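Residue numbers (the numbering used here): 25 to 447.
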């Protein structure tokens with residue numbers, strides 16, 4: 025006789041029966057254990073197989089594990105160190121070619137600056153022209169010539185209060201000091217013969233009287249705008265390039281030092297100071313990238329110029345300024361009009377510094393602010409006081425803070441200077 029169990033027994037057995045399938049979490053754990061076990065038994069790294077070897081003691085396995093973690097820590101440290109070093113110095117300079125074509129390199133600008141900054145001939149002619157207008161001040165023609173001669177001090181900022189004539193200063197307009205070309209040595213008389221690119225050319229077609237830090241000089245291939253510090257147009261002409269190498273295909277000039285025409289030499293020597301610089305930079309030795317050489321009369325000198333062209337790839341723009349520590353020329357458009365350079369930054373800094381301290385701008389600087397006067401002999405005391413600051417390779421902005429202390433029948437001015445890095 026078959027005995028049938030009650031229905032609820034089958035129900036309970038079916039309900040509480042042990043499950044044979046695995047959950048997803050269990051599968052992951054089992055797979056991870058099997059993967060680790062397989063890696064430990066097949067790894068090629070020295071010592072890892074010993075961790076899973078059942079024949080080794082527990083102490084031996086623990087030592088292998090400690091060594092493994094120490095190796096991983098060292099690897100992570102050196103990876104982090106390498107990454108930080110790459111971020112700190114992300115730019116790499118590599119030589120592309122040692123035979124770069126000369127036709128793709130800009131020929132430098134050349135400025136011939138006579139040691140004499142005031143032409144004696146021009147001084148006498150201009151003094152004779154101005155004397156009838158100033159004769160009522162009871163000054164002789166010799167006094168007027170002496171006054172014009174001392175206008176050369178506006179270049180080197182040398183101050184001597186015994187040589188200033190207040191009455192004559194009041195009679196002159198600012199144009200007399202901004203247009204110093206009338207007193208500068210004449211380029212057409214200085215340059216006798218010129219040769220460029222293997223051909224004899226008229227010197228006045230390739231040279232211009234341009235402003236430099238040494239005053240007005242005869243400049244070749246100087247394409248920077250006359251008022252580059254404030255002008256929207258950075259250049260005035262295309263830059264010349266030498267197509268064929270060789271001394272006969274460069275620039276050759278025969279010059280006359282005109283020693284008899286000396287009225288205000290900057291040094292005790294005679295001849296010319298030759299400035300070799302970038303065609304779109306202002307010729308200022310303290311701004312860097314300016315080669316200065318001396319040429320004396322009755323001598324023939326040759327200058328060999330070697331150029332290195334450095335090109336930054338577009339990927340450099342991706343790095344912040346703090347990392348690359350440089351700017352592209354088309355950056356900072358508001359201040360430098362697509363022609364940024366360290367030299368342009370220094371020039372702009374010095375202009376603002378002189379303007380802040382002495383309330384004027386030297387006539388030889390590449391700018392013409394309508395609301396700021398040109399420096400005259402009246403400003404020499406101030407210019408001489410701070411000229412050491414403006415002749416350093418670095419530049420700082422000087423901000424003046426005036427504090428007026430009113431006392432009995434006297435007002436004293438306290439000037440405090442705050443220097444701030446500009447470039």
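For every residue, glycine included, the Cβ atom is placed at its ideal position computed from N, Cα and C.
Owing to the predicted nature of the structure, the values given are computational and were not obtained by experimental measurement.
Per-residue burial, residue i [other beta carbons within 10 Å of its own, 16 or more giving buried]
i           : result
residue 231 : buried
residue 102 : exposed
residue 317 : exposed
residue 107 : exposed
residue 321 : exposed
residue 71  : exposed
residue 84  : exposed
residue 350 : exposed
residue 437 : Note on residue 437: pLDDT 34, under 50, position unreliable in the model; no value is reported.
residue 138 : buried
residue 66  : exposed
residue 390 : buried
residue 277 : buried
residue 377 : buried
residue 95  : exposed
residue 75  : buried
residue 124 : exposed
residue 363 : buried
residue 133 : buried
residue 156 : exposed
residue 266 : buried
residue 61  : exposed
Residue i to residue j span [Cα, whole Å]
i           : j           : result
residue 73  : residue 64  : 5 Å
residue 182 : residue 365 : 30 Å
residue 79  : residue 50  : 29 Å
residue 113 : residue 99  : 21 Å
residue 247 : residue 208 : 20 Å
residue 82  : residue 91  : 14 Å
residue 119 : residue 337 : 13 Å
residue 368 : residue 167 : 39 Å
residue 388 : residue 149 : 22 Å
residue 172 : residue 151 : 7 Å
residue 160 : residue 259 : 45 Å
residue 242 : residue 333 : 26 Å
residue 223 : residue 327 : 19 Å
residue 206 : residue 244 : 20 Å
residue 273 : residue 386 : 37 Å
residue 401 : residue 228 : 32 Å
residue 215 : residue 279 : 5 Å
residue 409 : residue 309 : 20 Å
residue 220 : residue 153 : 38 Å
Per DSSP, cross-strand counterpart(s) of residue i
i           : result
residue 239 : 236
residue 319 : 296
residue 137 : 297
residue 279 : 215
residue 231 : 244
residue 225 : 218
residue 451 : An answer regarding residue 451 cannot be provided, because it is not within the stretch 25 to 447 covered by the chain.
Three-way DSSP call (helix, strand, coil) for residue i in this model
i           : result
residue 286 : strand
residue 65  : helix
residue 259 : strand
residue 423 : Because residue 423 sits at a pLDDT of 40, beneath the cut-off of 50, its placement in the model cannot be relied upon, and the point is left open.
residue 335 : coil
residue 129 : coil
residue 121 : coil
residue 143 : strand
residue 59  : helix
residue 176 : helix
residue 104 : helix
residue 156 : helix
residue 307 : coil
residue 87  : helix
residue 181 : coil
residue 115 : coil
residue 79  : coil
residue 14  : This structure leaves residue 14 out entirely; the chain is present only between 25 and 447.
residue 348 : helix
residue 7   : Since the first residue of the chain shown is 25 and the last is 447, residue 7 is not available in this structure.
residue 98  : helix
The alpha helix (DSSP H) enclosing residue i, as first and last residue numbers
i           : result
residue 409 : 404–414
residue 208 : Unbroken run through residue 208: none, as it is neither H nor E.
residue 164 : Where residue 164 is concerned, there is no enclosing alpha helix (DSSP H), given that its DSSP letter is neither H nor E.
Bounding residues of the beta strand (DSSP E) (the contiguous stretch that carries residue i)
i           : result
residue 378 : Counting along the chain, residue 378 falls outside any beta strand (DSSP E), though it belongs to the alpha helix (DSSP H) covering 366–382.
residue 314 : Run containing residue 314: none; DSSP gives neither H nor E here.
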